[in-house]
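Position in the sequence shown counted from 1, then plus 5, gives you the numbering used here.
Backbone N, C-alpha and C fix where the C-beta goes; we use that ideal spot for every residue, glycine too.
For reference, the structure is listed below as structure tokens.
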Amino acid sequence: MTTRILAIANQKGGVGKTTTAINLSTALAAVGEKVLLIDLDPQGNASTGLGSEASTRAVTTYDALMGEYRLEAAVIDSGIPGLKLAPAGVDLAGAEVELIEATRRHYRLADALADYLKGASETTYVLIDCPPSLSLLTINALAAADAVLIPLQAEFFALEGLSQIIRTIETVRTRINPRLELQGIVLTMADVRNNLAAAVEADVRAHMGEKVYETVIPRNVRISEAPSHGKPALLYDLKCAGSQAYIRLASEVIQREREKRKAA
């Protein structure tokens, strides 16, 4: 069974990156995929959003990156069938400095993940929630990934931020991970009543074509409320517009992967 590793990345904060990581992971698990969500953001919001309290995280992704524990020791059940979580800890904030002199500093996550998947071959998707910066942590995620999913807020400076992350992907592909590709771009936090959002969507689609998913994630109160309850939006309110959008996005992601396998 092939495991696909997707990094969810955008160097800009507040674009719905962690929300996408949580809810896409849940939606993939809901349709029968075996999913591991890796929280690589020192803020640990993906972990909290899946109900993992900071005080209960004995082993985290920091420990796996530093080689103090195997990744397997950090992985916990999320409480959602088919979805496991490797939580983050505040120690990750210091990992940048600690890894500078480390051997294979760009490949720490790739090595830990390869070791983990030897014993968890049933895993079909690994999603990595990256920090909102082009840091050594993000480079580790891109070095480990097969493809990148970019959440992009439908706002005025969207294309400027998009060009930066795409340049980073190309640099990592050239120097570190030749298999890395762009899986797709998902427009997030879109206000359907706002003419600017529609104009940004048209602009992004004109520039990026089929790389932009058909699904657009709307700005939705229920999505915003869900993390405070330690639940994905799909469990908090399955019928809300945001949850339904993430279900459609999961279908698109799976369809793109199927088409890739056929083409290969």
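Look at the Cβ atom of residue i, then the Cβ atom of residue j, and state whether they are nearer than 8 Å.
i, j, result
"Y170", "Q16", "One point to set straight first is that residue 170 is Ile, not Tyr, in the sequence displayed. For I170 and Q16, yes; Cβs fall inside 8 Å."
"A149", "A98", "no"
"A187", "V153", "The displayed chain sequence assigns Leu, not Ala, to residue 187. In contact: L187 and V153 (Cβ atoms closer than 8 Å)."
"V209", "I228", "no"
"P237", "G54", "yes"
"L132", "A26", "yes"
"V177", "L185", "yes"
"E257", "T220", "yes"
Measuring only the C-alpha atoms, how far is residue i from residue j?
i, j, result
"L147", "A12", "6 Å"
"T65", "A93", "5 Å"
"G37", "K265", "20 Å"
"R62", "Q48", "13 Å"
"P183", "T108", "20 Å"
"G247", "A34", "17 Å"
"Y251", "G56", "19 Å"
"V80", "A202", "38 Å"
"G20", "A14", "Per the sequence shown, residue 20 should be read as Val rather than Gly. If you take the alpha carbons of V20 and A14, they lie about 10 Å apart."
"A69", "N199", "44 Å"
"V95", "D242", "30 Å"
"K123", "A207", "43 Å"
"N50", "P232", "8 Å"
"C245", "E230", "12 Å"
"R263", "T179", "25 Å"
"K89", "E77", "11 Å"
"G18", "R224", "16 Å"
"A269", "R172", "25 Å"
"S60", "Q249", "32 Å"
"S140", "A125", "28 Å"
"L106", "K267", "Here residue 106 turns out to be Glu, not Leu, going by the sequence shown. Roughly 42 Å separates the two Cα atoms."
"E73", "G214", "44 Å"
"A255", "Y67", "28 Å"
What distance in whole Å lies between the Cβ atoms of residue j and residue i, which are believed to be in contact at a cut-off of 8 Å?
i, j, result
"K216", "T129", "Contact flag wrong, Cβ pair sits at about 22 Å."
"D134", "I43", "7 Å"
Between the Cα of residue i and the Cα atoms of the options, which residue gives the shortest distance?
i, options, result
"K22", "E77, S126 and S138", "S138"
"Y112", "I144, L132 and L122", "I144"
"L104", "M71, L122, E77 and A79", "M71"
"R253", "V20, T31 and T8", "T31"
"G235", "A269, T24 and A246", "T24"
"E58", "E73, S229 and A91", "A91"
"L142", "M213, L76, E127 and L45", "L45"
"E165", "A78, I85, H212 and T53", "H212"
"R9", "A125, D151, S233 and A207", "D151"
"A204", "A69, A163 and E73", "A163"
"N28", "E219, A78, L240 and E257", "L240"
"P136", "P86, E101 and K267", "E101"
"L41", "R172, D82 and P232", "D82"
"G84", "D96, Y67, S52 and Y74", "S52"
"R75", "D242, T179, Y121 and S229", "Y121"
"Y218", "R261, K244, L185 and R180", "R261"
"I181", "R110, Y67 and A269", "R110"
"T7", "T173, R172, E127 and A268", "E127"
Any Cβ of chain B within less than 8 Å of the Cβ of residue i?
i, result
"T193", "Note that chain B does not occur in the displayed structure, where there is just one protein chain."
Would the beta-carbon of residue i be found less than 7 Å away from any heavy atom of the ligand SAH?
i, result
"I174", "By its list of ligands, the structure shown contains no ligand whatsoever, and the ligand SAH lies outside what it can speak to."
- prompt: So does the stretch 153-165 actually touch the stretch 177-195, counting three or more Cβ pairs closer than 8 Å?
  reply: yes
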